[in-house]
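Colleague:
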Amino acid sequence: MRVKILGSAAGGGFPQWNCGCANCVRVRGLRGSSDARTQAQAALTADEKSWYLLGASPDLRQQILATPELAPAAGERGSPIVGVFLTSADIDAVFGLLHLREFHPLHIYSTSGVRRILFESNSVFRALDRSKPPAQWREIRPGEETALGDSGMSCTPVALESAYPDYVGELLRRSLAPNQATIGLAIEHGGKKLFFAPGLPGASSAWKAEAAASDLALLDSTFWSDDELVAIRGGGKTAREMGHPPLSGTGGLIEQMRREARPRKVAIHINNTNPILNDESPECREMRDAGWEIATDGMEFVL
Ligand SMILES: [Zn+2]
Numbered sequence: 004m005r006v007k008i009l010g011s012a013a014g015g016g017f018p019q020w021n022c023g024c025a026n027c028v029r030v031r032g033l034r035g036s037s038d039a040r041t042q043a044q045a046a047l048t049a050d051e052k053s054w055y056l057l058g059a060s061p062d063l064r065q066q067i068l069a070t071p072e073l074a075p076a077a078g079e080r081g082s083p084i085v086g087v088f089l090t091s092a093d094i095d096a097v098f099g100l101l102h103l104r105e106f107h108p109l110h111i112y113s114t115s116g117v118r119r120i121l122f123e124s125n126s127v128f129r130a131l132d133r134s135k136p137p138a139q140w141r142e143i144r145p146g147e148e149t150a151l152g153d154s155g156m157s158c159t160p161v162a163l164e165s166a167y168p169d170y171v172g173e174l175l176r177r178s179l180a181p182n183q184a185t186i187g188l189a190i191e192h193g194g195k196k197l198f199f200a201p202g203l204p205g206a207s208s209a210w211k212a213e214a215a216a217s218d219l220a221l222l223d224s225t226f227w228s229d230d231e232l233v234a235i236r237g238g239g240k241t242a243r244e245m246g247h248p249p250l251s252g253t254g255g256l257i258e259q260m261r262r263e264a265r266p267r268k269v270a271i272h273i274n275n276t277n278p279i280l281n282d283e284s285p286e287c288r289e290m291r292d293a294g295w296e297i298a299t300d301g302m303e304f305v306l
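Mapped onto the working numbering, the consecutive letters of the sequence shown carry residue numbers 4 to 306.
Structure (structure tokens):
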């Protein structure tokens, strides 16, 4: 199985259009630098022909264009992209579906809660139904394995304690199963395992067993510290309140994963304020010393 990281930043990307934090100022000054990052997105294949997208980021069009493997064959209308997995209904995780609306048949894998949000209260996503055949929605359930077509890959969603996005109306929200709001994805092929979790909300550590048993763990590395955004904005929610465990400190992700020797630990969904985005920072060094790699756009892994 080959896994490509098409985007490694959190929502807003790096730099973020309306942010003047030290990181964003630095990267704006380095035009064309590989330090700049698009919003979190991955793709994977087991046969080099059919690709599955993990997430549907707002930068998806640009990310597909930057990835030659995802180009259509010359002279044909079509795409090697056959399916898309949605890990939540967050705008950063679903917006990219609108980039896939050019009459291309797709399989979209999500929990029933996420599907209902997109199709019952956001009619713009019905644009995907215009393809022939229309987009096929496949329900996935936490703890239940689903085969990915005839690719030999399988996916088991892992429920993460969390809430549905703020934009979901109260009436619909009350009818949705709470354990379907955000999921991690455990994907297996030929005995090798990927664990993908660009968001790790909630106090539950049920995801840890999946991450520990994987060969490659792409994990939520949004913030370095719990008060990172509060310090920059002068108020608002902490990292934990936003559904992201910080990397540093007691109970942080570095500490939680310190003893897990099996997986390659890769930081993804990195917010533009996170000091690990600066290679020369002590925080970046600490991360690397703890055995982590820091994702960049275009990075790839073969499992
Ligand atoms: Zn910034």
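Ideal Cβ positions, reconstructed from N, Cα and C, are used throughout, including at glycine.
#1: Can you list, in chain order, the stretches of the beta strand (DSSP E) that have 3 or more residues and sit fully within the region 238-274?
#2: I think L103 touches L197, with their Cβ atoms under 8 Å apart; what is that distance to the nearest whole Å?
#3: If you draw a straight line from the alpha carbon of K268 to that of I84, how long is it in whole angstroms?
#4: Taking all protein chains shown into account, do 16 or more other C-beta atoms lie within 10 angstroms of the C-beta of S253, making it buried, or fewer, making it exposed?
#5: With respect to the alpha helix (DSSP H) encompassing F122, which residues constitute its N-terminal and C-terminal limits?
#6: Is it true that the CB of W54 sits closer than 8 Å to the CB of A43?
#7: Which full runs of the alpha helix (DSSP H) of 4+ residues lie inside the region 89-113, going along the chain?
#8: From which residue to which residue does the alpha helix (DSSP H) around A162 run?
#9: May I ask you to verify whether the region 194-213 touches the region 259-275, counting CB pairs closer than 8 Å and requiring at least 3?
#10: Please state if the CB of S11 and the CB of R34 are separated by a distance shorter than 8 Å.
#11: Mind checking P160: buried by the 16 CB within 10 Å criterion, or exposed?
#12: Okay, do the region 159-176 and the region 132-141 touch, 3+ Cβ pairs below 8 Å being the bar?
#13: What residues in its chain sit with their C-beta under 7 Å from that of A96, if we drop five residues either side in the sequence?
#14: How is L179 classed by DSSP in three states: helix, strand or coil?
#15: Is Q139 near H107, with beta carbons less than 8 Å apart?
#16: Could you tell me the boundaries of the beta strand (DSSP E) in which W140 lies?
#17: Relative to the C-alpha of Y112, which candidate in R141, A69 and M260 has its C-alpha closest?
Modeller: Looking at the coordinates:
#1: 267-271
#2: Not quite, the Cβ-Cβ distance comes to about 22 Å (not below 8 Å), so this is no contact.
#3: 26 Å
#4: For clarity, residue 253 is Thr in the given sequence; the question names Ser instead. T253 is exposed by the Cβ-count criterion.
#5: S115 to E123
#6: no
#7: 94-97
#8: Where A162 is concerned, there is no enclosing alpha helix (DSSP H), although the beta strand (DSSP E) it sits in stretches over S157 to L163.
#9: yes
#10: no
#11: buried
#12: no
#13: G58, A59, L89 and T90
#14: coil
#15: no
#16: Q139 to E142
#17: R141
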